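Sequence order for the protein chains is A and B.
Numbered by the working numbering, the letters in the first sequence go through residues 7 to 333 in order.
Numbered by the working numbering, the letters in the second sequence go through residues 22 to 351 in order.
Glycine included, C-beta positions come from ideal geometry on N, C-alpha and C.
Computed from a prediction, not measured in an experiment: that's the story for all the values here.
Each remark here refers to the structure printed beneath this line.
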Amino acid sequence: MARKRMIQAMNEAILEEMERDPSIVLFGEDVKASLFGDTRGLWKRFGPDRVRDTPICEALISGMAVGAAAAGRRVICHMMFGNFVYTGMDAIANQAAKLRYMTNGQITLPITFLAVSGGGRSAAAQHSDAVHPVLANLGGIKIVMPGSPADAKGLLKAAIRDDDPVFFLQAAGRGGEPGEVPDEELVIPLGEACIRRPGRDVTLVAIGAMVRPAIKCAEALAGEGIEVEVVDPRTLVPLDLETILASVRRTGRLIVVDEARDTCSSASHIAALAAEHAFDALRAPIRRVTVPDCCIPYAPVLERAVLPGVEHIEAAVRATVGWRRPR
Amino acid sequence: MSVAASNLSREELLALYQRMLLIRRMEEQLARDCAAGKLPGPVHLYVGQEAIAVGVCHHLEDRDWITSTHRGHGHFLAKGGDPARMMAEIYGRADGICGGFGGSMHVADFSKGIIGANGIVGGGIALATGAALAAQLDGDGKVAVAFFGDGAANQGVLMEALNVGALWKLPLILICENNGFSEFSPTATVTAGRIVERARPFGVPALKVDGNDVLAVWQAANQAVRRAREGGGPTLIEAITYRTRGHVEYEVTFITEPYRSEAEVEAWRAKDPIGRFAAYLATHGLAAADELEAIERAVGETVAEAVRVAEASPEPDPASATGHMFANPR
C-alpha cells in the first residue's frame, strides 16, 4: 500500500496493461507530452508504434479507434477533454456504440476512451462539461467514473481488459487527489458499486468527482447524529442498481449527487429507477443535487455557484431527513 | 483497357465479368423486390458502378479490410460476401449475414475483411484508417480500402484521414466513387474544385480513372495496393462513374421534381461498365458468346438461390432484440 495521486494510479494501470498485452495501441492528442500525466512516460517505454500522438482531429481518431479494434487491436484512445467527445461524436455514437450490434455480434470492440470530465478549474464552458449522460444514452458504451485513486487503477485495468467500448471519465480537478493504492494486482469489475461510508438515515449516491464532497458532508453531519450512507456507483453503464436499491431500502431516503446538468442527468435516471423499484421503501421525496441547466462559467465565484459542493449536498440532506408528509 | 488486360489471364477476366454481373443481377432483383413492397427498409443500388468494387477487390485477400457506404451491396459481393446471406439480411431474416439487425446499409462480414456498409456518409473513412493502423502494426502486408462517394469527399474526415495516412504512411487506399450525385444534389453544385486534387497538399499520390472501365480501375488499384503493401503509404483514386438508378429505390414517392434529365441517364447507360466489358471481351476474342451466356445463367441461378434461401429463412426472434449490445453485459 502506498499513497498515490489518482493520475499516477491511472498511469500505472495503463503501463501494466500495455506490458501485459502487446496488442494494445494507445493514441490521441499529445499523449507523449501528456497534458494530465496519465500517459506520461509511455511513449518512451513502448515506442512510437504503440504510443502515437495524433493531430487534433477527433472525428478521425474516434473512428480510428473503432477501425483498429474491429481489425483486432485493443485500443486506448485519449480524447483529452470531455467536451472534445462532441467533435468526435459521430464515430462514438454511430460506430463504436453500434457496430457490434448492427453486425449481430460478429466482433468485439475493445476500446478504452480516456477523457477528463467536469469542471472546477475555471476552464469555462467548453472545457468543463460532464459528458456521461450524453454517452450513457447511446446504449452501447460503458462508462466508468472513479471516485478514488485505488478505484481509478482497478477500474481502468478492468476497462482496458473489457471487450466493449468503455469511456473512462476522470474528474477534471481530481488527478492530484492522493489515496492509498494497493501494491498488488488490482482489477475492479465493472458494474459493482461500493459503499464508501455506511449510514442508516439517508442514501447519498455520489458519482465520480462528487464522492469526495459527499463524504465530507457525511462526516460533518455525523457529528449531529445524521448518519449518511455514501454509495459510489463507480460505473454508470453497467449500473449496479441492486446495491443502490438495497441501501435505499435500509435508509428509506435517497439523494443523488451528479456533476451533470439537471435535465436527463444520471441523477435523474437513478432517481427514476429508485422511484420505480423502491417506492414502497421511500419515506421522503428523492432529491437530486446537480448542475442547473446552464453552462459552466469561468469566474471562480460563478463556477462555485453552479457546481454541487458540500454546502449544496448538506442542504439536500437536511431537507430530506427533515421532510414530513404535509397534513 | 489493353494495358491491364495483358496482365490478366482469360480466367481472371471472366471472373471480373462474372462478379460485376452478379452484383447487377442481385440488385435488379432487389429493385423488383422493393417495387413489390417486399423489403422492409430502404435500399441504395450500385447499378452502373460495379466496375469499381470489382476492379479494386480483385487485388484483395480475405485478410485485407474494406469499409463501404450506404450503397454497399457491390463492395460486399466483390470482396467475397455470400449472396444468399446478403439477400436474407436485406429481407430482414434470421439467416442474414447480420441476423437481420443491420439490413442493407450495414451488410458486413468480418471473416471476409468486410467491416461493412455504413449509413453515415464518410463514416467508413476513419474506420478504414484505423484498420490500416492495425494492419501496419501487424506488419504482414495487409491493406485497408475505404470506398466512399463524392458526397463523402466533402466530409472533413477525408482531410483528417489524408493527413494521418500520409504522416504515418498507412497502408490505406481511398477510393472515391464520383457518381455525379450527393444524394439528390448534382456533385458540381456542392463540390468545389476537383476531388482528386485534395490529396496533393498531403503528398498523397492520386489519380483519376474511368470508373466504368473495370480494367482501368484494376490497373489503378494494382499500383495503389502494391504501394500500400510495400509500406509506401496511402493513395487516393477518384473513379468517375454515374448512378443510373436513384439515390434510394423508392425516391419517386417523395421526389416530385426531377433532379436530372432522362437524356443524361441514357447517355451514361450507353457507357454501362458491364456492357462495355462484354463487348471488349468479345471483340478481342477473349470470350465466346456462349461463355458469357453460361456466366449469365450461372449468375441467374445464384440470384434465384439467394432469394430461395432468404424467403425460407425465419424472421429473427423478437426476444433477441436487446441481446448483444455488449460482449460482456456485466
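Exercise for the section: Give the secondary structure of residue 86 of chain B by DSSP, where H, G and I count as helix, E and B as strand, and everything else as coil. Expected result: strand
Exercise for the section: For the beta strand (DSSP E) containing residue 184 of chain A, list its first residue and its last residue. Expected result: 184-187
Practice task
Using 7 Å as the cut-off, classify the Cβ of residue 96 of chain B as near or not near the heavy atoms of the ligand GTP, replying yes or no.
Solution key: With respect to the ligand GTP, the structure shown offers nothing to examine, as it has no ligands at all.
Exercise for the section: With DSSP as the reference, label residue 30 of chain A as helix, strand or coil. Expected result: strand
Practice task
State whether the segment 41-58 of chain A contacts the segment 91-107 of chain A, with contact taken as three or more CB pairs (one from each stretch) at a distance under 8 Å.
Solution key: no
Practice task
Check whether the segment 253-268 of chain A touches the segment 295-311 of chain A, counting contact only when three or more Cβ pairs, one atom from each stretch, lie closer than 8 Å.
Solution key: yes
Problem - residue 174 of chain B (DSSP reduced to helix, strand or coil) - result: helix
Handout entry: Contained alpha helix (DSSP H) runs [length at least 4] in the segment 84-139 of chain A, N- to C-terminal order
Key = 105-108
Practice task
Could you work out which residue in A:263, A:7, A:254 is closest to residue 213 of chain A when comparing CA atoms only?
Solution key: A:263
Exercise for the section: Measure the C-alpha to C-alpha separation of residue 174 of chain A and residue 186 of chain A and round it to an integer number of angstroms. Expected result: 20 Å
Handout entry: Three or more C-beta pairs below 8 Å linking the segment 225-242 of chain A and the segment 194-210 of chain A
Key = yes
Exercise for the section: Select from B:210, B:165, B:319, B:185 the residue whose C-alpha is nearest the C-alpha of residue 100 of chain B. Expected result: B:165
Practice task
Within its chain, find whatever has a CB closer than 7 Å to the CB of residue 34 of chain A; leave out the 5 residues flanking it on each side and keep chain order.
Solution key: 60, 67, 83, 84, 85, 86
Practice task
Reducing DSSP to helix, strand and coil, say where residue 276 of chain B ends up.
Solution key: coil
Problem - Proximal residues of chain A, C-beta to C-beta of residue 345 of chain B below 8 Å - result: 106, 107, 110, 111
Handout entry: Exposure of residue 3 of chain A, with buried meaning 16 or more beta-carbon neighbours within 10 Å
Key = This structure cannot settle anything about residue 3 of chain A, because the visible part of chain A is limited to 7 through 333.
Handout entry: First and last residue of the uninterrupted beta strand (DSSP E) at residue 293 of chain A
Key = 293-297
Practice task
Could you tell me whether the segment 264-279 of chain B touches the segment 75-89 of chain B, using the rule of 3 or more Cβ pairs below 8 Å?
Solution key: no
Exercise for the section: Taking only the alpha-carbon atoms, compute the straight-line gap between residue 113 of chain A and residue 277 of chain A and give it to the nearest angstrom. Expected result: 34 Å
Handout entry: DSSP-derived helix/strand/coil call for residue 198 of chain B
Key = strand
Handout entry: Closer than 8 Å to chain A by CB, residue 316 of chain B
Key = no
Practice task
Using 10 angstroms around the beta-carbon of residue 216 of chain B, count the other beta-carbons present and answer buried if the total reaches 16, otherwise exposed.
Solution key: buried
Problem - Per-residue burial, residue 325 of chain B [other beta carbons within 10 Å of its own, 16 or more giving buried] - result: exposed
Handout entry: C-alpha distance - residue 177 of chain B paired with residue 195 of chain B, whole-angstrom precision
Key = 14 Å
Handout entry: residue 13 of chain A and residue 182 of chain A closer than 8 Å at C-beta
Key = yes
Practice task
Could you list the residues in the segment 137-153 of chain B with a C-beta less than 9 Å from some C-beta on chain A, going in chain order?
Solution key: 137, 139, 140, 141, 143, 144, 145, 146, 147, 148, 149, 150, 151, 152, 153
Exercise for the section: Quick one: which residues of the segment 192-203 of chain B get their C-beta closer than 8 Å to a C-beta of chain A? List them in chain order. Expected result: none
Handout entry: Within 8 Å, strictly: CB atoms of residue 176 of chain A and residue 158 of chain A
Key = yes
Practice task
Assuming residue 319 of chain A and residue 219 of chain A form a contact by the criterion Cβ under 8 Å, report the distance between their Cβ atoms to the nearest whole angstrom.
Solution key: 6 Å
Practice task
Give the range of the beta strand (DSSP E) segment to which residue 174 of chain A is assigned.
Solution key: 172-177
Exercise for the section: Taking only the alpha-carbon atoms, compute the straight-line gap between residue 282 of chain B and residue 94 of chain A and give it to the nearest angstrom. Expected result: 39 Å
Practice task
Tell whether a beta-carbon distance below 8 Å holds between residue 191 of chain B and residue 157 of chain B.
Solution key: yes
Exercise for the section: Within the same chain, show all residues whose beta-carbon is closer than 7 Å to that of residue 290 of chain A, passing over the 5 residues directly before and after it, in chain order. Expected result: 259, 326, 329
Handout entry: Within chain B, the residues that residue 286 of chain A reaches when beta carbons sit closer than 7 Å
Key = Within chain B, no residue comes near residue 286 of chain A; the closest Cβ sits about 26 Å away, beyond 7 Å.
Practice task
Let me know the alpha helix (DSSP H) ranges lying completely inside the segment 32-97 of chain B, each 4 residues or longer, listed in chain order.
Solution key: 71-78
Practice task
Pair every Cβ in the segment 36-45 of chain A with every Cβ in the segment 17-25 of chain A, then say whether three or more of these pairs are closer than 8 Å.
Solution key: yes
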